[in-house]
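Have a look at the structure below before the remarks.
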Amino acid sequence: MVEWYIYKDVLESIMEFSKSFYPREFSGMLYTKNNIIEDIYIIPQTYSNENSAVIRLDFVPLSMSINGSVHSHPSGNGYPSRADLSFFQSKDINIIVYHPYDLFSFKAYNSKGENIEIKVILREKSKLLKNL
Numbered sequence: 057m058v059e060w061y062i063y064k065d066v067l068e069s070i071m072e073f074s075k076s077f078y079p080r081e082f083s084g085m086l087y088t089k090n091n092i093i094e095d096i097y098i099i100p101q102t103y104s105n106e107n108s109a110v111i112r113l114d115f116v117p118l119s120m121s122i123n124g125s126v127h128s129h130p131s132g133n134g135y136p137s138r139a140d141l142s143f144f145q146s147k148d149i150n151i152i153v154y155h156p157y158d159l160f161s162f163k164a165y166n167s168k169g170e171n172i173e174i175k176v177i178l179r180e181k182s183k184l185l186k187n188l
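In the numbering used here, the protein residues as written are 57 to 188.
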């Protein structure tokens with residue numbers, strides 16, 4: 057079984073975006089490297105309402121490192137819909153965050169729609185300093 061990780065600051069950003077979109081759904085794509093979710097990409101021209109989000113796939117960058125998705129469920133339900141399960145099939149990792157959008161209000165799923173665990177980790181300070 058593959059282990060997945062997400063940087064805490066990325067999860068915090070996802071939750072903040074979700075809060076700002078509330079009561080509409082928020083959606084984005086995930087940059088990953090070595091099974092670590094390193095960043096989020098907000099897709100231009102995405103439409104959302106209280107029940108769904110429509111991503112313009114023609115605006116998604118063609119990058120091998122974008123192999124995950126994230127979206128919010130304003131209802132507080134962290135379980136995937138049929139449409140979610142269909143979309144998950146093309147992604148390695150999929151996250152659903154839900155109201156109240158704290159660091160514990162998320163569930164992760166693989167491409168088959170199976171619930172999987174993601175560990176929240178801190179970025180190494182040395183990595184941040186090297187990127188400055």
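All residues carry an ideal CB built from backbone N, CA and C; glycine is no exception.
- The distance from the Cβ of residue 128 to that of residue 77 is about 7 Å, consistent with a contact at the 8 Å cut-off.
- For residue 67, the three-state secondary structure derived from DSSP is helix.
- Cβ contact annotation for residue 134 (same chain, cutoff 6 Å, sequence separation greater than five): 152, 154 and 163, in chain order.
- Looking only at 83, 170 and 157, the smallest Cα-Cα distance to residue 71 is reached by 157.
- Around the Cβ of residue 126, a 10 Å sphere holds 16 or more other Cβ atoms; the residue is buried.
- Listed in chain order, the non-local C-beta contacts of residue 91 below 7 Å within the same chain comprise 58, 59, 60 and 61, local neighbours out to five positions each way being set aside.
- Taken in chain order, the complete beta strand (DSSP E) segments of 3 residues or longer contained in the stretch 116 to 146 are 122 to 129.
- Residue 83 carries a strand assignment under DSSP once its states are collapsed to helix, strand and coil.
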